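Counting in the UniProt record's numbering, the sequence shown runs from 1 upward without gaps. Cβ coordinates follow ideal geometry from the N, Cα and C atoms, glycine included. Keep in mind it's a predicted model, so treat the numbers as computed, not measured. Below is one structure, written out as structure tokens; comments come after it.
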Amino acid sequence: MSSLRNVPTTFVENNENLVFRIPTSNSFTHLGDELSPLDPPQEDVSHDKNFEGVSPTYTTQPRQSSSKTRDTAMRMNSDGHDYFPIDMSNPVLPSDGHAQPLKKPQPTRPVALLIGDSIPRYLIGRRLSRRYRVLNYCIPGMTLQKLCDFVPLLVLAEDPAVIIVHCGTNNIATHNTSGIINLLSKLDSTLKSLVSGVKVAFSGLTGNGICPHTDIQICHINDAIRQFCEEHNSVFICNSNITLSHISRDGIHLNRRGIVKLAMNFISYLRSTMYSKDDSQNFQQGYSNLPMRTHLC
């Protein structure tokens with residue numbers, strides 16, 4: 001609005017009295033460009049020749065919706081992107097005044113299952129891989145027999161792309177090496193029959209800090225598991241870098257340093273699955289030159 005000094009004064013003759021009509025705004029009247037929708041246009045002000053460019057603005061009262069339901073509409077721009085539904089009766093738009101296009105849903109990451117006994121139960125799945133959504137289903141006291149009955153419901157619900165199995169420690173007291181390999185073979189065939197093309201990896205058993213004879217038996221079992229994986233197109237994760245110094249006071253479970261070692265072995269395997277099949281085999285062959293019986297060191 002311009003200053004009053006630049007606006008000429010208008011003389012209106014009303015009942016033989018001169019009235020000074022100065023365009024001003026107060027609580028009783030409005031200027032021509034400030035007419036509200038409810039006020040009628042002022043003829044003597046809006047059509048005066050001395051007020052060029054000032055004309056009454058006629059607006060219609062917004063239509064009130066009688067129903068409480070609000071109409072929504074989907075807006076679409078020129079390039080074909082869909083927009084969020086907009087409440088037409090009370091639209092709420094961003095600061096720039098334009099509706100934002102719908103965000104495309106992020107593609108879901110493939111699932112990697114970690115199943116077995118209580119040895120790797122403290123591993124946090126989201127810290128093992130960024131590409132896979134790692135789910136830890138390690139249960140204390142799990143045996144290979146129970147795992148064969150447990151995996152059908154779990155695998156069908158998650159549809160994993162990679163399965164890491166760390167189980168067999170609780171079977172040492174009741175089964176010999178050949179018996180554990182037979183149970184492992186049954187588990188391997190069950191997993192591969194449930195999900196076609198799934199990558200199965202068997203983690204080597206960790207040492208025993210209480211009984212030296214049990215620790216020697218674990219080394220023989222790991223040798224048999226590695227040979228089984230080579231014959232049945234599975235991957236063996238060698239945990240020979242976990243020694244007795246990484247075993248906790250109970251002689252069975254891992255301490256913090258041992259858990260870190262086990263996590264690094266799993267991370268290395270998950271990274272190898274991002275490449276071709278030959279690279280996965282190279283991962284397995286990379287451990288073939290390492291000494292297998294290092295738990296007694």
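query: What separation, rounded to the nearest whole angstrom, lies between the Cα atoms of Lys-186 and Leu-144?
result: Taking the first residue of the sequence shown as position 1, residue 186 is located at position 186. Taking the first residue of the sequence shown as position 1, residue 144 is located at position 144. Using only the alpha carbons, I get a separation of about 9 Å.
- request: Would you list the one or two residues that DSSP bridges to Thr-111?
  value: Counting from one through the sequence shown, the residue named residue 111 turns up at place 111. The sequence shown places Val at residue 111, not Thr. According to DSSP, Val-111 bridges with Arg-133.
query: Mind checking whether Val-151 and Thr-190 have CB atoms under 8 Å apart?
result: On the sequence shown, residue 151 is found 151 positions in, with the first residue counted as 1. On the sequence shown, residue 190 is found 190 positions in, with the first residue counted as 1. Taking 8 Å as the Cβ cut-off, Val-151 and Thr-190 qualify as a contacting pair.
task: Report the three-state DSSP secondary structure of Asp-87 (helix, strand or coil).
output: Reading the sequence shown from its first residue, position 87 is the one you call residue 87. Confidence is the limiting factor: at Asp-87 the pLDDT is only 49, short of 50, which leaves the residue's position unreliable, though a coordinate-based value still follows. Asp-87 falls in the strand class under three-state DSSP.
message: Within the continuous beta strand (DSSP E) that includes His-166, where are the two ends?
response: Looking up residue 166 in the sequence shown gives position 166. From DSSP, the beta strand (DSSP E) with His-166 extends over 162 to 166.
- prompt: Are the CB atoms of Ala-112 and Tyr-132 nearer to each other than 8 Å?
  reply: If you number the sequence shown from 1, residue 112 lands on position 112. If you number the sequence shown from 1, residue 132 lands on position 132. Yes. Within cutoff.
message: Could you give the first and the last residue of the continuous alpha helix (DSSP H) run that contains Ile-237?
response: Here residue 237 refers to the residue found at position 237 when the sequence shown is read from its first residue. Run containing Ile-237: none in the alpha helix (DSSP H); it sits in the beta strand (DSSP E), 235 to 237.
task: Could you give the DSSP three-state label for Ile-242: helix, strand or coil?
output: Residue numbering aside, residue 242 sits at position 242 when the sequence shown is read from its first letter. Here Ile-242 sits in coil by DSSP.
- prompt: Per DSSP, Cys-138 forms a beta bridge with which residues?
  reply: The residue labelled residue 138 in the question sits at position 138 within the sequence shown. Paired residues: Gly-116.
- request: Pull up the CB-CB distance for Val-195 and Asp-159, whole angstroms please, since I reckon it's below 8 Å.
  value: Working through the sequence shown from its first residue, we reach residue 195 at position 195. Working through the sequence shown from its first residue, we reach residue 159 at position 159. Val-195 to Asp-159, Cβ: 7 Å. Contact.
task: Take Arg-249 as the anchor and find which of Asn-208, Ser-129, Arg-130 has the nearest alpha-carbon.
output: Indexing the sequence shown from 1 puts residue 249 at position 249. Of Asn-208, Ser-129, Arg-130, the residue nearest in Cα terms is Asn-208.
message: My output table needs one value for Leu-270: the three-state DSSP class, helix, strand or coil.
response: Working through the sequence shown from its first residue, we reach residue 270 at position 270. In the structure shown, Leu-270 sits in a helix (DSSP, three-state: H, G or I).
- prompt: Out of Ala-263, Asn-233, Asn-170, which has the shortest C-alpha to C-alpha gap to Val-198?
  reply: Walking along the sequence shown from the start, residue 198 turns up at place 198. That would be Asn-233, whose Cα lies nearest to the Cα of Val-198.
message: Distance check for Leu-147 and Tyr-83, CA to CA, integer angstroms please.
response: Taking the sequence shown and counting its residues from 1, the one referred to as residue 83 is at position 83. Taking the sequence shown and counting its residues from 1, the one referred to as residue 147 is at position 147. Low per-residue confidence applies at Tyr-83: pLDDT is 46, beneath 50, and the placement is therefore not dependable enough to give any value.
message: I'd like to know whether the C-beta atoms of Leu-262 and Val-162 end up nearer to each other than 8 Å.
response: Locating residue 262 in the sequence shown gives position 262, counting from the first residue. Locating residue 162 in the sequence shown gives position 162, counting from the first residue. The answer is no: Cβ separation not under 8 Å.
field: Check whether Cys-238 and Phe-202 have beta carbons under 8 Å apart
entry: Here residue 238 refers to the residue found at position 238 of the sequence shown. Here residue 202 refers to the residue found at position 202 of the sequence shown. Cβ atoms of Cys-238 and Phe-202: not closer than 8 Å.
message: Suppose you measure from the CA of Met-264 to the CA of Cys-167; what does that come to, to the nearest Å?
response: By 1-based counting over the sequence shown, the position of residue 264 is 264. By 1-based counting over the sequence shown, the position of residue 167 is 167. C-alpha separation (whole angstroms): 18 Å.
query: What do you reckon, are the CB atoms on Asn-241 and Ile-247 nearer than 8 Å?
result: What you label residue 241 is simply residue 241 of the sequence shown in a count that begins at 1. What you label residue 247 is simply residue 247 of the sequence shown in a count that begins at 1. Contact flag unset, no.
task: Kindly give me the distance between the Cβ atoms of Met-142 and Asn-170, rounded to whole angstroms, as I take these residues to be in contact under 8 Å.
output: Numbered from 1 along the sequence shown, position 142 holds the residue referred to as residue 142. Numbered from 1 along the sequence shown, position 170 holds the residue referred to as residue 170. With 8 Å as the limit, Met-142 and Asn-170 qualify as a contact, their Cβ atoms being about 7 Å apart.
task: Could you check what DSSP says for Ile-247 in three-state terms: helix, strand or coil?
output: On the sequence shown, position 247 is the one that residue 247 refers to. DSSP places Ile-247 in strand when its eight states are reduced to three.
- request: Provide the residue(s) that pair with Ser-203 in DSSP beta bridges, ordered along the chain.
  value: By 1-based counting over the sequence shown, the position of residue 203 is 203. According to DSSP, which records beta bridges pairwise, Ser-203 is partnered with Ile-237.
message: Between which residues of its own chain and residue 320 is the CB-CB distance below 6 Å, once the five residues before and five after are set aside?
response: As shown, the chain starts at 1 and ends at 297. That puts residue 320 outside it, with no answer to give.
query: Out of curiosity, what's the CA-to-CA distance linking Ile-210 and Arg-127?
result: Within the sequence shown, residue 210 is the residue found at index 210, counting from 1. Within the sequence shown, residue 127 is the residue found at index 127, counting from 1. The alpha-carbon atoms of Ile-210 and Arg-127 are separated by roughly 31 Å.
- request: Put Asp-159 into one of helix, strand or coil per three-state DSSP.
  value: Start at 1 with the first residue of the sequence shown, and residue 159 comes out as number 159. Residue state, collapsed to three classes: coil.
task: State the Cα-Cα distance for the pair Val-155 and Met-274, rounded to the nearest angstrom.
output: Locating residue 155 in the sequence shown gives position 155, where the first residue counts as 1. Locating residue 274 in the sequence shown gives position 274, where the first residue counts as 1. C-alpha separation (whole angstroms): 21 Å.
message: Quick check: what's the CA-CA separation for Ala-173 versus Ile-267?
response: Stepping through the sequence shown from its first residue, residue 173 is reached at position 173. Stepping through the sequence shown from its first residue, residue 267 is reached at position 267. Their Cα atoms are separated by approximately 30 Å.
field: His-213 to Asp-149 span [Cα, whole Å]
entry: Locating residue 213 in the sequence shown gives position 213, counting from the first residue. Locating residue 149 in the sequence shown gives position 149, counting from the first residue. Going by the C-alpha atoms only, they are around 30 Å apart.
message: Among the candidates His-253, Ile-139, Thr-108, whose CA atom is the shortest distance from the CA of Asp-117?
response: Your numbering for residue 117 matches position 117 in the sequence shown. Ranking His-253, Ile-139, Thr-108 by Cα distance to Asp-117 puts Ile-139 first.
query: DSSP puts Leu-254 in a beta bridge; with which residues?
result: For the purposes of this step, residue 254 is identified with residue 254 of the sequence shown, where counting begins at 1. For Leu-254, which the question treats as bridged, DSSP gives the partners Ile-247.
- prompt: Residue range of the alpha helix (DSSP H) that Ala-224 falls in?
  reply: In the sequence shown, the residue the question calls residue 224 occupies position 224. Ala-224 -> alpha helix (DSSP H) spans 212 to 231.
task: Please name the residue, chosen from Ile-115, Tyr-122, Gly-258, that lies closest to Ser-153 on a Cα-to-Cα basis.
output: By 1-based counting over the sequence shown, the position of residue 153 is 153. In the sequence on display, residue 153 carries Leu and not Ser. For Leu-153, the nearest C-alpha among the options comes from Ile-115.
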